[in-house]
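Numbering (the working numbering), first residue to last: 67 to 204.
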């Protein structure tokens, strides 16, 4: 789940002991981070692990509970509402629409090919019947 330097993995490294024990409440927070990341991935939203960690740890005034001082605080935005997220969503929608049209085109092409194959098969069947009848009636 992410690179070794990812904020979520850094949280785990600093809160999970070598003896295999979690710090107080850390395992629950770690699991919340993983769930938030998975949900963002399933919703095809850009995953910002730093934002996920800050949200789970309730970042306030440049201090992240359980992590210490963070870089200067930036006004928080709900997930998926960054200025570029709407343009990204528009691109995703355009690609989906393009794929939908391509699938529809392929379905129509497949249907036409199936009709042509059925027509040819029926023609061959008739010819075979005629050949068999010709062999029976010399």
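Even glycine gets a Cβ: it sits at the ideal position worked out from N, Cα and C. If you're wondering where the values come from, they're calculated on a predicted model, not measured in any experiment.
For the 8 Å CB-CB criterion, residue 73 and residue 122 do not form a contact.
Spatial neighbours of residue 115 in its own chain (CB-CB distance under 7 Å, excluding positions within 5 residues in sequence) are listed in chain order as 68, 72, 73, 74, 103. For residue 87, no alpha helix (DSSP H) run applies, since DSSP gives it neither H nor E. For residue 82, the beta-bridge partners assigned by DSSP are 88. With a 10 Å radius around the Cβ and a threshold of 16 neighbouring Cβ atoms, residue 171 comes out exposed.
Straight across, the Cα-Cα distance linking residue 195 with residue 187 is about 12 Å. Here the C-alpha atom of residue 86 lies approximately 33 Å from the C-alpha atom of residue 111. DSSP places residue 119 within a helical segment (H, G or I) once states are collapsed to three.
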